[in-house]
Every structure is written in structure tokens, then in C-alpha cells.
Amino acid sequence: QSKNLGGNCCSFFDPQIQAKLEERIWLERELEKALEEQQLELHYQLQVGTNNQPLGVEALLRWKHPEKGYISPGQFIPLAEESGLILPIGHWVLATACKQLKQWEEHPETRDLSLAVNISAKQFHKNDLVSQIKTLLDTYRINPHLLKLELTESALLEQMETTILKMLELKQIGITFSMDDFGTGYSSLQYLKRLPLDQLKIDQSFIKDLPKDREGAAIVETIIAMGHALQLEVIAEGVETTEQQDFLISMECRAFQGFLFSRPQPGEGLTAQLTAGVTKTHPSKTLNNL
Ligand code: C2E
Ligand code: MG
Ligand code: MG
Ligand code: MG
Numbered sequence: 439q440s441k442n443l444g445g446n447c448c449s450f451f452d453p454q455i456q457a458k459l460e461e462r463i464w465l466e467r468e469l470e471k472a473l474e475e476q477q478l479e480l481h482y483q484l485q486v487g488t489n490n491q492p493l494g495v496e497a498l499l500r501w502k503h504p505e506k507g508y509i510s511p512g513q514f515i516p517l518a519e520e521s522g523l524i525l526p527i528g529h530w531v532l533a534t535a536c537k538q539l540k541q542w543e544e545h546p547e548t549r550d551l552s553l554a555v556n557i558s559a560k561q562f563h564k565n566d567l568v569s570q571i572k573t574l575l576d577t578y579r580i581n582p583h584l585l586k587l588e589l590t591e592s593a594l595l596e597q598m599e600t601t602i603l604k605m606l607e608l609k610q611i612g613i614t615f616s617m618d619d620f621g622t623g624y625s626s627l628q629y630l631k632r633l634p635l636d637q638l639k640i641d642q643s644f645i646k647d648l649p650k651d652r653e654g655a656a657i658v659e660t661i662i663a664m665g666h667a668l669q670l671e672v673i674a675e676g677v678e679t680t681e682q683q684d685f686l687i688s689m690e691c692r693a694f695q696g697f698l699f700s701r702p703q704p705g706e707g708l709t710a711q712l713t714a715g716v717t718k719t720h721p722s723k724t725l726n727n728l
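Using the UniProt record's numbering, the letters of the sequence shown map in sequence onto residues 439 to 728.
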């Protein structure tokens, strides 16, 4: 205890908070090395239609730490955002996704799949995002219509006017947009009307307790109806049971993502699964349970 009085600026904290802070600082230093030491991986999760036919894929970042094993993006993305590391990391994600799209062009089973990439607010609002994406599309010569950017409500609502202009510029190239985690942010319907979106992604928290959860069901039904009224595709994420999927189908939802169909997995695994002609897949075992 006595050292707490010794002028160390941080040690008046609760030891638990102090330990957390130290862990964070450590993690941030480790994250700085992650890119150059090739500890980052991009995994891919399938999105399917009402007959479980493959429609697209979402790219999900994984950090394989040499000592700690897989660290979930929920833990390190916020850190990457605060430190600015999200910019080089985000670029790596986009480049890796483009390379994967190029590879998927080679197989008839995978060449029409869209690939959705999560973009953080900071990355989206950076000046060079459009030129970065143009360069990647040119370099890998991929069909821009297959690249979808997932943004959250909070990212889209920051600086509305410039956001819309940037989205329009990217849409002109052929890029599409999905609003991720829909229903958890603050979008007003006015904003929803103005944003040039292609897809709404219903947040998994609303799907979790379907069909039992009456309030959840009402919200989901409303989101689907509103999405369709606005000519948007609607996809449900976090679908884990056939009951959930059946309920969503009865509400006219036509696209699904979740452990029921496939876990996020490395590109080779998903390619093998898809080119083996499997349409109805079972949740596959992967290295990690993220
Ligand atoms: P998100 O974009 O909403 O991704 C969906 C999350 O739900 C993923 O978690 C996915 O693994 C998980 N998930 C998928 N199906 C199911 C299911 O059936 N049940 C349950 N319980 N969960 C399911 P993950 O991979 O841990 O990613 C968490 C978040 O981290 C993502 O949420 C996204 O916001 C962020 N993230 C992931 N990769 C990137 C990236 O490359 N860039 C940025 N900026 N953010 C990323
Ligand atoms: Mg997402
Ligand atoms: Mg989401
Ligand atoms: Mg999320």
C-alpha cells in the first residue's frame, strides 16, 4: 500500500483497474507488431439464402497471438481504433479480401459470391479510402460489385453529408453497402432514407431469442418490412437454429448468416466446402470458437 503514496501517478487506482490498464497497454504494444509479424488472419463466414444456397461471405479479422492464441476482434478492434492502428490493419483487411475474391473467381461455385468487409468509422472517414479501394480493385482486377462494405450506424451518422458523398463515390465504382448491427444504434428513419445503402443487417441480439421472444419478433418483423419498403436487402446475423431461420423466412427475410450454416473459417476451408458441392452445411468445427 505504501507505494501508492509514493507519487506514482497511476497507482491510486483499484488494483483490478490497474491490472486492466496494464493489460491494455501491453496488448496495444503487441498489436503494433501483429501486422508485420503476420499474426493477423482473415476468416470467412458464409451467408446463405432461403434454400441455404450460398450468397456471399463476410470477412472477419482474427489475431493469432504467439502466446495468447486467438484474441477476439471484440477485444482488439476498439484498441486498434483508439490507437490509429486500425488504418494499416484495415488496409491489410481490404487487400487480403481482394486477393481472396480474385481466388474465388477461379471456381464456378465461388465466383459470384459477394465479400463483405467491416470498415471502422475512422477508416471510412479517412481521405484516402476511395483511392485505396480503387487501387486494390485495379491491382487485383476484381468485379467491384462483389465487394461490400459493412458500416455501423455510428460510423454512418458521423458527418452525414460527407458520408453520403463518399458512399455515392464508392457506389459509382460499383461497391455496395450494408448497415451492420442494425437496430443497436441511433439511426433515425430520416437518415435511413437518405443513406445510399444496399443492405440492412439485423443485429444478432434481436435474433438470439427468436421465435420465443415476442418483442424481439416484433422488432425483427418491423425491420424486415421497413427494409423491403426502402428497397433494401435484409440479412439476419447470428442465426443458430432452424427455428430462427424458419421464423425469419416466415417474416420474408431472405438472407442469413450464422453458426447454423457455417463458422468463420480460413479461406481454404470455405473454398473446399463450397467447391465440394455442399449446399446444406453443418456447423463445422474450426480451430477456434470466436
Ligand atoms: P460483426 O461485423 O457484427 O460480426 C458478426 C460477429 O458475430 C462475428 O464476431 C461473428 O463471428 C459472430 N457470429 C457469426 N455467426 C454467429 C452466430 O450464429 N452466433 C453468434 N453468437 N455469433 C455469431 P467476431 O468475428 O468476433 O467479430 C466481432 C466484431 O468485430 C464484428 O462484428 C465487427 O464489428 C468487428 N470486426 C471483425 N472483423 C473486422 C475487421 O476486419 N475490421 C473491423 N473494423 N472490424 C471488424
Ligand atoms: Mg459485420
Ligand atoms: Mg453485426
Ligand atoms: Mg458487431
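For every residue, glycine included, the Cβ atom is placed at its ideal position computed from N, Cα and C. Model, not experiment: these values are computed from the prediction.
**Item:** Where the beta strand (DSSP E) containing residue 614 begins and where it ends
**Value:** 614-620
**Message:** Tell me which residues pass a beta-carbon proximity test against ligand 3: closer than 7 angstroms to any heavy atom, given in chain order.
**Reply:** 618, 619, 639, 641, 642, 675
**Message:** Here's a check: name, in chain order, each residue in its chain whose Cβ is nearer than 6 angstroms to the Cβ of residue 543, leaving out the five neighbours to either side.
**Reply:** 549
**Message:** Helix, strand or coil for residue 590? Go by DSSP, reduced to three states.
**Reply:** strand
**Prompt:** Can you tell me whether DSSP reads residue 500 as helix, strand or coil?
**Reply:** strand
**Message:** I need the straight-line Cα distance from residue 452 to residue 623, nearest angstrom please.
**Reply:** 32 angstroms
**Request:** Under 7 angstroms Cβ to Cβ from residue 663, same chain only, skipping five residues before and after it: list those, please.
**Result:** none
**Request:** Report all residues from its chain with a CB closer than 7 angstroms to the CB of residue 632; omit the five preceding and five following residues, and keep chain order.
**Result:** 602
**Message:** Taking 7 angstroms as the cut-off, is the C-beta of residue 702 nearer than that to any heavy atom in ligand 1?
**Reply:** yes
**Message:** Out of 626, 589, 514, which one is the CA nearest neighbour of residue 619?
**Reply:** 589
**residue 697 and residue 486 closer than 8 angstroms at C-beta** = no
**Request:** Would you decide whether residue 455 is buried or exposed? Buried here means 16 or more other CB atoms lie within 10 Å of its CB.
**Result:** exposed
**Message:** Can you tell me which residues form a DSSP beta bridge with residue 673?
**Reply:** 639, 693
**Item:** Beta-carbon contacts of residue 558 that lie in its chain and below 6 angstroms, excluding the five residues immediately before and after
**Value:** 519, 524
**Message:** Which residues does DSSP list as the beta-bridge partners of residue 571?
**Reply:** DSSP output for residue 571 lists no bridge partner at all.
**Item:** C-alpha gap between residue 714 and residue 707, whole angstroms
**Value:** 11 angstroms
**Item:** Whether residue 496 touches residue 483 by CB criterion (8 angstroms)
**Value:** yes
**Request:** Apply the 10 Å Cβ neighbour rule to residue 556 and answer buried if 16 or more other Cβ atoms are within range, or exposed otherwise.
**Result:** buried
**Item:** Own chain, CB closer than 8 angstroms to residue 606, minus 5 neighbours either side, in chain order
**Value:** 634
**Supposed close pair residue 501, residue 472 - CB separation, criterion 8 angstroms** = 6 angstroms
**Asked** Who are the near neighbours of residue 716 in its chain, counting only those whose CB is closer than 7 angstroms to its CB and skipping five residues on each side?
**Response** Only weak support is given to the placement of residue 716: the predicted model assigns it a pLDDT of 48, under 50, and the value that follows is read from those uncertain coordinates. Excluding positions up to five away in sequence, the list is empty.
**Prompt:** Is any heavy atom in ligand 1 found nearer than 7 angstroms to the beta carbon of residue 495?
**Reply:** no
**Asked** Under a three-way DSSP split, which group does residue 626 fall into?
**Response** coil
**Prompt:** Ordered along the chain, which non-local residues of its own chain (more than five positions away) have a Cβ less than 6 angstroms from that of residue 609?
**Reply:** 634
**Asked** Between the C-alpha atoms of residue 547 and residue 493, what's the straight-line distance to the nearest angstrom?
**Response** 10 angstroms
**Prompt:** Since residue 668 contacts residue 630 with CB under 8 angstroms, what's their CB separation in whole angstroms?
**Reply:** 7 angstroms
**Prompt:** Fully enclosed by the region 485-557, which beta strand (DSSP E) runs are 3 residues long or longer?
**Reply:** 492-503, 507-509, 552-556
**Prompt:** Apart from the five residues on each side of it in sequence, which residues of its chain come closer than 8 angstroms, Cβ to Cβ, to residue 648?
**Reply:** 654, 655, 658, 681, 682, 685, 686
**Request:** Using only the heavy atoms of ligand 2, determine whether one of them is closer than 7 angstroms to the beta carbon of residue 588.
**Result:** yes
**Request:** Name the residue from 674, 704, 705, 711 whose alpha carbon lies nearest to the alpha carbon of residue 488.
**Result:** 674
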